[in-house]
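Some notes on the structure that comes next.
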Amino acid sequence: MASLVIAEHDNKVLKDATAKTVGAAAQISTPVHVLVAGSGCQAVADVASKLAGVEKILVADDAAYAKMTAEPMAKLILSLADKYDAILAPATTSGKNYLPRVAATLDVPQISEILKVVSADTFERPIYAGNAIATVQAGAFKKVITVRTTAFKPAEGAGSATVEKIAGAGDDGISKFMSEELSKSERPELTSAKIVISGGRGMQSGENFHLLDKIADKLHAAVGASRAAVDAGFVPNDYQVGQTGKVVAPDLYIAVGISGAIQHLAGMKDSKIIAAINKDEEAPIFQVADFGLVADLFKAIPEMDEELTKLGY
Amino acid sequence: MKVIVPVKRVIDYNVKVRVKADQSGVDLANVKMSMNPFDEISVEEAIRLKEKGKATEIIAVSIGPQQCSETIRTALAMGADRGILVKTDGEVEPLAVAKILKAICEAEQPGLVITGKQAIDDDSNQTGQMLAALLGWPQATFAHKLEMGDGKADIEREIDGGLQTVEVKLPAVMTTDLRLNEPRYASLPNIMKAKKKPIDEKTPADYGVDVTPRLKTLKVTEPPKRVAGIKVKTAAELIDKLKEAGAF
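Chains as they are written, first to last, in this note's numbering: chain A, 492 to 804; chain B, 938 to 1185.
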């Protein structure tokens, strides 16, 4: 029949996650339509219409969708659901928030964070924080899917989708957006950064994380931490990479003074390249690292910094 | 106000999971099991509400085999008042869990359901949202801070890139994120006291819910293994190699 992809955006900018979700949708059911739900989001719809592999953009421009609140978003998606045999959203905090509401109302299971489309009804998804991969097959029902966007590529080429305005589906008024506080850091977010540099217990103090900040600024990297560093109070919880923290899969992960506990490895082992600096050559992190440097980090990090400066970073 | 807290028995987060040789699942035999870490945070938040006089009774619910009663006991030892064990063997998908919880909510009429944002075994991140949808209640996922008001709650949520506050009318479903609180350890006297707290035993059929899985797990495999790479001697060499590999 067709797939419906829910666009990820902030009413101004269409997020990269959308194109990747379209890439996944195109493997499941075509044509692919994209729903841009927002407030004052026409510019986003215009950009989305150029995505490769998309036939039609549906724009629901209504104050109810300004922050993509779960309750009105689910209502809107449900009002369109009949026409689609697959409904997909990126597995962002936004998609994870509204999509299970859609699945439950349709009385179908949701297939979370797919990594691969094996066939139109069969998918690979990570369980146990990626320590195992389950291949699951859906029955003859509507597929409601969130997509781990780091695992998919956007469809190639340029597109020219038609743009159709649609009416909102109303708001029950049971929840209300109050405020938000977005981090103003110049650095990218941990989960979408191309490079992540993380510190562990070996950093010895929170102040020493400034050593990592310097490298991060040069490489436009995000800064993370192991649970040991968070538990020791060096940095706040939102730095935590690991099974109970954030799961990241950047192009480059630099682990500094991190021994490599199972729970940490679960959160970063899908990174494309892993570099590790640790003074203990027996540290388990070296078993997963592409490049290992056995050294005192307090010597190695300033040296790296210097080297990057020399190279013009 | 009653608070319902679902608690799931999962492989302890410190255990390295092993995929079974026949690819039918992960090995659960003789593996340490614990309460899902996010559910511990839920129990803690419910207890804090009770301590502040905002909640009157905390009901811990677990769905699964008989051993889930141990998970309920853990919640009772932390400070929950009573338990409901919905006994069933085999896998129960989030939608079926949400249907059972819906029936329990209709019977108990809680003001708030607090679930973990996800279980660390199937990583679905669905149950709370599904329950809210089935009940027609509002939801606040990935909670970072909870403030109870009169017939409503202001909940600060962890979202990509920062924090967002939503106001939900009660009754509502809240799902917990890591930073909401730090769960307490049960004291020995409380562990002893918990043994006397009641646990009701039910089955999915008591709630008219069919828990037959809707998704078929064809196989469970190990993720591609990483092999240890090379050791470099200096920081400069590390930068060189990373550049060569196109890392930046």
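Note that the Cβ used here is the ideal one computed from N, Cα and C, for glycine as well. The structure presented is a predicted model; accordingly, all values stated were derived computationally and were not measured.
| query | result |
| --- | --- |
| Give the interface partners of A/I657 over in chain B, defined as CB-CB distance under 8 Å, in chain order. | Ordered by position in chain B, no residue passes the 8 Å Cβ test against A/I657, which lies about 22 Å from the chain. |
| Anyone know if the C-beta pair for B/L1013 and B/A992 falls short of 8 Å? | no |
| Report yes or no: do the region 783 to 801 of chain A and the region 1171 to 1181 of chain B share at least 3 C-beta pairs separated by less than 8 Å? | yes |
| Measure how close the beta-carbons of B/I978 and B/T1113 come, nearest whole angstrom, since I'm counting them as under 8 Å. | 4 Å |
| Mind listing the chain B neighbours of A/E562? Cutoff is C-beta to C-beta under 7 Å, in chain order. | P1075 |
| Entirely within the region 649 to 721 of chain A and at least 4 residues each: give me those alpha helix (DSSP H) ranges in chain order. | 700 to 710 |
| With DSSP as the reference, label B/A1109 as helix, strand or coil. | strand |
| Strictly under 8 Å for the Cβ-Cβ distance: is B/G1166 near chain A by that measure? | yes |
| When you compare the region 521 to 528 of chain A with the region 543 to 550 of chain A, are there three or more beta-carbon pairs, one atom per stretch, that lie closer than 8 Å? | yes |
| According to DSSP, is A/N769 part of a helix, a strand, or is it coil? | strand |
| Return helix, strand or coil for A/D598, following the three-state DSSP convention. | coil |
| Could you give the first and the last residue of the continuous alpha helix (DSSP H) run that contains B/P1031? | P1031 to E1045 |
| Counting only beta-carbon atoms, is A/S436 nearer than 8 Å to chain B? | Because chain A is modelled from 492 through 804, residue 436 of chain A falls outside the range shown and cannot be assessed. |
| DSSP on A/I749, reduced to helix/strand/coil? | coil |
| Would you say B/Y950 lies against chain A (beta-carbon separation less than 8 Å)? | yes |
| Give the interface partners of A/A791 over in chain B, defined as CB-CB distance under 9 Å, in chain order. | T1171, A1172 and L1175 |
| By DSSP's criteria, B/A1080 is part of a beta bridge. Which residues make up the other side? | B/R1094 and B/T1113 |
| Assuming B/K1134 is part of the alpha helix (DSSP H), what are its boundary residues? | Per DSSP, B/K1134 belongs to no alpha helix (DSSP H) and is neither H nor E. |
| Would you report the Cα separation of B/W1074 and A/T584, rounded to the nearest angstrom? | 19 Å |
| Counting only the same chain and skipping the five closest in sequence on each side, list residues whose C-beta sits under 6 Å from that of A/V535. | H500, L505 and V527 |
| Any beta-carbon of chain B closer than 8 Å to the one on A/P600? | yes |
| Taking contact to mean at least 3 C-beta pairs separated by less than 8 Å, is the region 625 to 644 of chain A in contact with the region 512 to 521 of chain A? | yes |
| Could you tell me which chain A residues have their CB closer than 7 Å to the CB of B/D1059, listed as they occur along the chain? | I618 |
| Give the residues of chain B in contact with A/V779, contact being defined as C-beta atoms less than 8 Å apart. | R1163 and A1165 |
| Answer yes or no: does any C-beta atom of chain A fall closer than 8 Å to that of B/D1147? | no |
| In the DSSP assignment, the alpha helix (DSSP H) including B/R985 goes from what residue to what residue? | P974 to E988 |
| Residues of the region 673 to 685 of chain A in Cβ contact with chain B at a cutoff of 7 Å, in chain order, please. | L673, S674, E680 and T682 |
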